[in-house]
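Top line first, the protein sequences correspond to chains A and B. Numbering-wise (this note's numbering), the first sequence opens with residue 2 and increments by one. Numbering-wise (this note's numbering), the second sequence opens with residue 14 and increments by one.
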Amino acid sequence: MKKSLVLALAMLMVLSIALSACAPKAPAETPGGAATPAGEPKILRSNNSSEPGSLDPALAQGTHDSWVLDHTFEGLYKRLADGTFAPGMAKDYKLADDNVTYTFTLRDDIKWSNGDPVTAYDFEFAWKRVLDPELASDYAFQLYYLKGGEAYNTGTGKVEDIGVRAIDDKTLEVVLASPTAYFIELTGFYTYYPINKKVVESNPDWAKNAATHVSNGPFKLAEWEHDVRILMVKNDTYYDSNLVKLDGIELAMLTDENTAWQKYEGGEFDFLIPLPQAVVAQLKATGNPELVIGGELATYYYNLNTKLKPFDNVKIRKGLALTIDRQTIVDKIAQGGQLPCEGVVPFGMLDENNKEYRNGVGKLVEYNVEEGKRLFAEGLKETGFKASDFSKFSILYNTLEAHRIIAQAIQEMWRTNLGIELPLENVDFQVKLDREKAGDYSVSRAGWIGDYIDPMTFIDLWVTDGAFNDADYSNPEYDKLVIESKNTADQTIRMNNMRKAEKMLMNDMPVIPIYFYTNPYAQKPYVTGVFKPLNRYPYLIYADMNK
Amino acid sequence: MRKYLLKRFLLSLLTIWIIITTTFILMHSVPGNPFRTESKMPKVVYQNLLRKYGLDKPLGEQYIIYLGKIVRGDFGDSMKSRVETVNDMIKRGFPVSAFIGLQALIIAITFGPALGAIAALNQNKWPDYFSMVIAILGISVPSFIMGTAFIQFLAKNISWLPIGGWGTYSHSILPSVALAFMPLAQLARFMRSSMLEVLGQDYIKTATSKGITRAAVVLKHAVRNAILPVVSMLGTIATNLLVGSFVIEKIFGIPGLGMFFILSIGNRDYPLIMGTTIFYSIVLISMLLFVDIAYMLIDPRIKLVKEGR
């Protein structure tokens, strides 16, 4: 008995020590210490959905990294609320007659958050570092536009041959591999952000915690508690800091969309993106003014395996595409204000006359049951397949409720319109990617988010052997149009070629476009000044809160 | 005793080696890999990544390299995070999960067996029904529903506690309670049946007939014997609680180890899968050893080593 008493006491002691040792820390009293005598600091609170994989612009991969980077760094050019681009770190640029040599002049008053001046050498260093095969940056290919960039990253070229060179502190010369109409926009993309050469060379781990993180944007990193929160505070060394009204932005890292929404509703967040699908539908139905349907540059589509019988038959593919009622899917199932696809290129991009590109191509996919049935019947005859044979194929999608309900709707539409029964097959995301790459599927769900605001980011997906051309579409005519567009600076030729290419693609229908994404978010009535660039997360840079 | 511990230790090493090998083989036989995404990533970039993380080498070589690292206590770099190593992640996540887990364990151990004992002593009366309703709820209501309900009613509607996240002590209360429910229910049910069995034994009748008070009979004879099988469950329960629950941590936004288990598999983050699995095995094996020792202390009839021979 005595022995167990001692044991019990000992265990209690261990427990209490353990408990006190790992009790959660109290949060810092005033975040960032930005309190002013005028009152409470204005800290906008939101959710980043997950821990960033890296806050080094060269290594960033997705929204969970780039939302923070877009607020803490700035490239040569920056994005404005109306979708146009304005000089950022650069004052202006000159494009030589060869259409590939750019000479950027940097602003005079640009500083890093540690006080160092931002120089052209920082840009040269940053871009060459991204292309270093040893660094193995996921997004290195975003800099393949530079002359010699791909060769160096592939290990066949030399670093000196890359087309970026600082002539002096304020002058950066860039040579591209071929004319690129959207290069100025690319300089605002996070892989092109500069990094402080001195800091990075002296401390390779600089981006791993807030204390050593140095940036050049409107905000700087103040605190980073892994998997818990990131606090960015206003960067006083930023040249336009008088336009920044917030004292800081605090991002939590809740992965659960519903908990995040509860926090927004409970007043613990001022701003929230993304929203649970059911919440969007509900807010939309009640006309809640806190809901904003943000635009997005993305297309939700189905791949058809063009190497597999009978999907190698164009009439079969078109029959499948024509019998999907996209309006119903958008209104009744996706319910997030999405738009039914009219082709593969979404709305929001301008053509050579500064008019909506989409309107210039017209509606290339539609809902036409009669025509669909006719083509499908002909396709069956040509291939010798029967409607009942389709039950051995499947609609492949990665396990997610939102994909499941859309797949069910399409399954039902094909059943009623074409009399075929395609089973649904859901697999883990990685398994889906593997099977698509291996061509081991018949119909599969996919989505593409544009990297830059030019139809080319969608059009070049389907060149022969394209890295994301899982439909395995191959058309030499199409390839020619793409290559020609990529090598000319003439906007009219480019746009005409892309329009032709998109029509060609939709005539062959290797992929069935379903809807153009939206990105709904919620903001409290007292939040102002937020804007959402088409293919980025909302910019909170000029936001204000008037509680 | 020392000899016994040494033997257990060596056996544990063997077990862990088997676990490492099996996990390594299973992990690499699942389709997919950490660097494939929906993107236009060219082959070259993809190969640069494979080379950087040593995935271009033959599997056998990767295995040997990995074993070498493990011996030095190095779980390697996460393939999804360029910020932390797997060691960092475990070091950071485990204390958080363990804190919630310990609180949950204390709640479960305090109320579970007590509830079971009360139910057994009042068999087929209202305290019995009441306890068993709680136990059935605990076992059958999934933790994501329990957690969501807690957030809705206790945090949002009456704002007693924060809705989710991590930072102050009050953030840890709801997840601990939600996490405790299931083991509490298991312990209660187990204790009830064990207690009922003991109460029917002859020695209880003997003790009662000798005129010992009811309280003494229950506490000294019944509970002490009935708790033995319950203690044997504790090793697994404690391990599961300490290393964190994916569901609870996701719903409440807790930066713990439980998230890594599931996310690492979805991401095919090989070093993190290995790291968390090995870590889990070490915790489980140590807990089971603790339980065996505790067993011996509670029940003098049990000998771990054959003494004097």
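Glycine included, every Cβ here is placed at the ideal spot set by N, Cα and C.
Secondary structure of residue i, DSSP reduced to three states
i                    : result
glycine 361(A)       : helix
threonine 73(A)      : helix
leucine 241(B)       : helix
valine 528(A)        : strand
phenylalanine 274(B) : helix
alanine 299(A)       : strand
arginine 105(B)      : helix
valine 131(A)        : helix
tyrosine 79(B)       : helix
alanine 191(B)       : helix
phenylalanine 190(A) : coil
proline 514(A)       : strand
arginine 596(A)      : Because chain A spans 2 through 548 in this model, residue 596(A) falls outside it and cannot be assessed.
tryptophan 173(B)    : coil
arginine 314(B)      : coil
serine 50(A)         : coil
tyrosine 78(A)       : strand
asparagine 243(A)    : helix
proline 275(A)       : coil
Cβ separation of residue i and residue j, assumed to be a contact under 8 Å, to the nearest whole Å
i                    : j                    : result
phenylalanine 163(B) : alanine 191(B)       : 5 Å
alanine 127(B)       : alanine 193(B)       : That belief does not hold up - the Cβ atoms of alanine 127(B) and alanine 193(B) are roughly 13 Å apart, past 8 Å.
alanine 208(A)       : tryptophan 225(A)    : Going by Cβ atoms, the distance from alanine 208(A) to tryptophan 225(A) rounds to 10 Å, so no, they are not a contact pair.
glutamine 431(A)     : arginine 281(B)      : 5 Å
arginine 46(A)       : phenylalanine 270(A) : 5 Å
isoleucine 396(A)    : isoleucine 411(A)    : 7 Å
methionine 342(A)    : valine 366(A)        : With the sequence shown as reference, residue 342(A) is identified as cysteine, and methionine is not the correct amino acid for it. At roughly 6 Å, the Cβ-Cβ gap stays under 8 Å, so cysteine 342(A) and valine 366(A) are in contact.
alanine 121(A)       : aspartate 170(A)     : 6 Å
isoleucine 217(B)    : alanine 235(B)       : 6 Å
arginine 500(A)      : valine 345(A)        : 12 Å between Cβ atoms; not a contact.
glutamine 600(A)     : lysine 169(B)        : Missing from the structure shown is residue 600(A); chain A here goes from 2 to 548 and no further.
Beta-carbon proximity check, residue i vs residue j, cutoff 7 Å
i                    : j                : result
tyrosine 474(A)      : threonine 300(A) : no
proline 311(A)       : threonine 192(A) : no
serine 294(B)        : isoleucine 29(B) : yes
histidine 65(A)      : serine 51(A)     : yes
phenylalanine 167(A) : glutamate 202(A) : For clarity, residue 167(A) is alanine in the given sequence; the question names phenylalanine instead. No, these two residues do not count as a Cβ contact at 7 Å.
aspartate 545(A)     : lysine 246(A)    : yes
proline 58(A)        : alanine 490(A)   : no
glycine 158(A)       : lysine 148(A)    : no
Neighbourhood of residue i by C-beta, 7 Å cutoff - its chain only, sequence neighbours within 5 removed
i                 : result
isoleucine 513(A) : Tyr302, Tyr303, Leu305, Leu321, Ala322 and Ile325
valine 296(B)     : Thr252, Leu255 and Val256
aspartate 93(A)   : Thr106
leucine 151(B)    : Note that residue 151(B) is glycine in the sequence shown, not leucine. Counting only Cβ-Cβ distances below 7 Å, and skipping sequence neighbours, we find Phe194, Met195, Leu197 and Ala198.
alanine 182(A)    : Asp455, Ala490, Gln492 and Arg495
proline 38(A)     : A caution first: proline 38(A) carries a pLDDT of 47, below 50, which makes its placement in the model unreliable, though a value can still be read off. Excluding residues within five positions, none has a Cβ falling inside 7 Å.
glutamine 116(B)  : Ser185 and Ser189
tyrosine 146(A)   : Leu177, Ala178, Thr181, Phe184 and Leu187
serine 21(A)      : Because serine 21(A) carries a pLDDT of 47, less than 50, the predicted location of this residue cannot be relied on, and the following value inherits that uncertainty. Here the set comprises nothing.
Same chain, Cβ closer than 8 Å to residue i, neighbours up to 5 away in sequence not counted
i                 : result
leucine 6(A)      : Confidence in leucine 6(A) is poor, its pLDDT being 45 and thus under 50, which makes the residue's placement too unreliable to answer from.
asparagine 547(A) : Tyr527 and Thr529
valine 69(A)      : Asn49, Pro53, Leu56, Leu222, Ile231, Met233 and Leu252
Residues near residue i by beta carbon distance below 6 Å, same chain, minus five either side
i                 : result
asparagine 399(A) : Phe430 and Lys433
lysine 364(A)     : Glu343
serine 445(A)     : Asn304, Leu397 and Glu437
asparagine 427(A) : Tyr398 and Thr400
leucine 18(B)     : none
asparagine 497(A) : none
valine 488(A)     : It is worth fixing the name first, because residue 488(A) is asparagine in this sequence and not valine. Hits under 6 Å: Ser179.
isoleucine 294(A) : Gly338, Thr519 and Pro521
Heavy atom of the ligand MG within 6 Å of residue i beta-carbon
i               : result
threonine 35(B) : Here there are no bound small molecules, and the ligand MG is not part of this structure.
task = Note down, in chain order, all residues in the region 53 to 72 of chain A with a beta-carbon under 8 Å from any beta-carbon belonging to chain B.
result = Pro53, Gly54, Ser55, Leu56, Asp57, Leu60 and Gln62
query = Using Cβ-Cβ distances below 9 Å, what residues of the region 235 to 262 of chain A are close to chain B?
reply = Ala253, Met254, Leu255, Thr256, Asp257, Asn259, Thr260 and Ala261
ask   = Using a Cβ cut-off of 7 Å, which residues of the region 159 to 184 of chain A contact any Cβ in chain B, in chain order?
value = none
query = Name the residues in the region 126 to 159 of chain A whose C-beta lies less than 7 Å from a C-beta of chain B; which are they?
reply = Pro134, Ala137, Asp139, Ala141, Phe142, Asn154 and Thr155
task = Could you please tell me which residues of the region 159 to 186 of chain B, in chain order, have their CB closer than 8 Å to any CB of chain A?
result = Thr161, Ile164, Gln165, Ala168, Lys169, Ser172, Pro175, Ile176, Gly177, Gly178, Trp179, Gly180, Thr181, Tyr182, His184 and Ser185
task = Return the residues of the region 419 to 436 of chain A that lie within a Cβ-Cβ distance of less than 8 Å from chain B, sorted by chain order.
result = Asp429, Phe430, Gln431, Val432, Leu434, Asp435 and Arg436
query = Using a beta-carbon distance cut-off of less than 7 Å, what residues from the region 306 to 317 of chain B approach chain A?
reply = Leu310 and Ile311
ask   = Of all the residues that make up the region 24 to 53 of chain B, which are near chain A by a beta-carbon distance shorter than 9 Å?
value = Val43, Pro44, Gly45, Asn46, Pro47, Phe48, Arg49, Thr50, Glu51, Ser52 and Lys53
Proximal residues, the region 81 to 104 of chain B versus chain A, C-beta separation under 9 Å = Ser91, Lys93, Ser94, Arg95, Val96, Glu97, Asp101 and Met102
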